[in-house]
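Let me begin by presenting the structure, written as structure tokens, before commenting on it.
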Ligand SMILES: [Zn+2]
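In this note's numbering, the protein residues as written are 716 to 1127.
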């Protein structure tokens, strides 16, 4: 099989999709179910139609573009990513996996390859949490990791429910039907920009992902007692911020205690009330993000954080309440997909590193319903979620070539 990627065409298509934006190019803003999001999807769907793929949308707005295999009753092989973009983002996050996936299919068609299993390109709805506050909506629903009725009730900032927004965007039917039947896919592979600097720094063209980290989010509220910053003696204080400061350091300590570089913790939000220089903080609201590729290790860090909260609260005589906002399980990539990617890199003489994905992706949820894996390509300086996000046509072409080879293997 003589596989050739049309790098120029792919670069042009990525650029054209990037022009469909609610921001000033090169900034890309495509929030789910907005007119611009729908135009972006239409652009991709038209190209899929031209490639002879069979199109269908589900009730959430996930799009499936199918290249029917010789034995269409077999479980299909899936690939794809997302085309929604958070405000003022770049042109490559998600889109490389969608348009690259399409070009991989076209390259296989041009090479005269006939898949035994059907190959399906997916465009996931709302990978970005921008509108409904929760990421990977489409893949969560496909994997049954988000209850359909809870999903339907999610609201955006204007009080519009997910159900109202998707119906207005033309996606009808019940969200209950979105969940994929067991064994729908025999494998799923997502091509994506790395969104970090490692591949570029090491001069390695490709990254084969072996595990995807997942965040656990905590909200912590500390109630102490306010007062005059001059009049209340130190020994009499119940300063909520000092407790927050200790808890923040406990987050760092708990995460470091696992002994693994893959456990990371961040206190990204710390709001102090009343927030005046001459007033003792009476209340603090913190948000904490703890991630790992191993759930048990992440949980051990969380347990330490909880007990630190309790100890610090008692000692400082403040009330500490914590609430888990989300705790998605991390995923190990499927050996069958990793192996297909390794063989594809070797077949084309392209170097690769095995790496973990510290950001999470639709593949995290697809891994619950299919053997899943990811392929990373370098992006300039590791920059992502910014208008100056960039991946070279060569890098995208190499990723697409390896994806095509891997899809061929998995669909044979
Ligand atoms: Zn993405």
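Using N, Cα and C, we set each Cβ at its ideal position, and we do this for glycine too.
| Asked | Found |
| --- | --- |
| Residues proximal to ligand 1 by C-beta, any heavy atom closer than 5 angstroms | 808, 809 |
| Per-residue burial, residue 716 [other beta carbons within 10 Å of its own, 16 or more giving buried] | exposed |
| Which of helix, strand or coil DSSP assigns to residue 828 | coil |
| Whole runs of the beta strand (DSSP E) within the region 1070-1097, excluding any shorter than 3 residues | 1087-1092 |
| Segment contact, 8 angstroms Cβ cut-off, at least three pairs: the region 831-843 with the region 779-796 | yes |
| Sheet register partners of residue 930 (DSSP bridge) | 1006 |
| Straight-line gap, residue 870 to residue 846 (C-alpha atoms, nearest Å) | 8 angstroms |
| Residue from 738, 851, 1007, 720 whose Cα sits closest to the Cα of residue 1101 | 738 |
| Contacts around residue 1109, its chain only, beta-carbon distance under 8 angstroms, and the 5 residues preceding and following it disregarded | 722 |
| 3 or more residues per run - each beta strand (DSSP E) lying fully within the region 753-798 | 769-772, 778-782, 791-797 |
| Simplified DSSP assignment, three categories, for residue 701 | This structure cannot speak to residue 701, because the chain is shown only from 716 to 1127. |
| Where the alpha helix (DSSP H) containing residue 986 begins and where it ends | No alpha helix (DSSP H) holds residue 986; the beta strand (DSSP E) holding it covers 979-988. |
| Proximal residues to residue 1059 (C-beta, below 6 angstroms), its chain only, five neighbours per side dropped | 1117, 1120, 1121 |
| Exposure label - residue 1018; buried when at least 16 CB within 10 Å | exposed |
| Spatial distance of residue 1031 from residue 1006 (CA atoms) | 28 angstroms |
| Beta-carbon proximity check, residue 1000 vs residue 1040, cutoff 8 angstroms | no |
| For residue 1061, the three-state DSSP class (helix, strand or coil) | helix |
| Assumed close pair residue 910, residue 1097 - CB separation to whole angstroms, cut-off 8 angstroms | 7 angstroms |
| Residue 917 - containing alpha helix (DSSP H), residue span | 913-917 |
| Residue environment, residue 993, which counts as buried when at least 16 other CB atoms sit within 10 Å | exposed |
| Proximity test, residue 753 beta-carbon vs ligand 2 heavy atom, cut-off 7 angstroms | Only ligand 1 can be found as ligands here, which leaves ligand 2 out of the picture. |
| Neighbour-count burial assignment, residue 1061, 16 or more Cβ in a 10 Å radius | exposed |
| Cβ distance (whole Å) where residue 745 is taken to contact residue 755 below 8 angstroms | 5 angstroms |
| When 1113, 1127, 1043 are compared against residue 908, the one with the closest alpha-carbon | 1113 |
| Cα-Cα separation, residue 811 to residue 969 | 37 angstroms |
| Identity of the residue in 964, 797, 924, 835 nearest residue 766 by Cα | 835 |
| Alpha-carbon to alpha-carbon, residue 940 and residue 1053 | 55 angstroms |
| Backbone CA spacing between residue 849 and residue 840 [nearest angstrom] | 12 angstroms |
| Close Cβ partners of residue 1074 (< 6 angstroms) along its chain, the five nearest in sequence each way excluded | 910 |
| Per DSSP, cross-strand counterpart(s) of residue 998 | 938, 988 |
| From 959, 988, 989, 971, residue whose alpha carbon lies closest to that of residue 982 | 959 |
| Three-pair Cβ contact test at 8 angstroms for the region 854-866 versus the region 879-894 | yes |
| Own chain partners of residue 751 with C-beta closer than 8 angstroms, once the 5 adjacent residues on each side are dropped | 735, 736, 737, 744, 745 |
| Inter-residue CB distance, residue 781 and residue 768 (contact presumed, cutoff 8 angstroms) | 6 angstroms |
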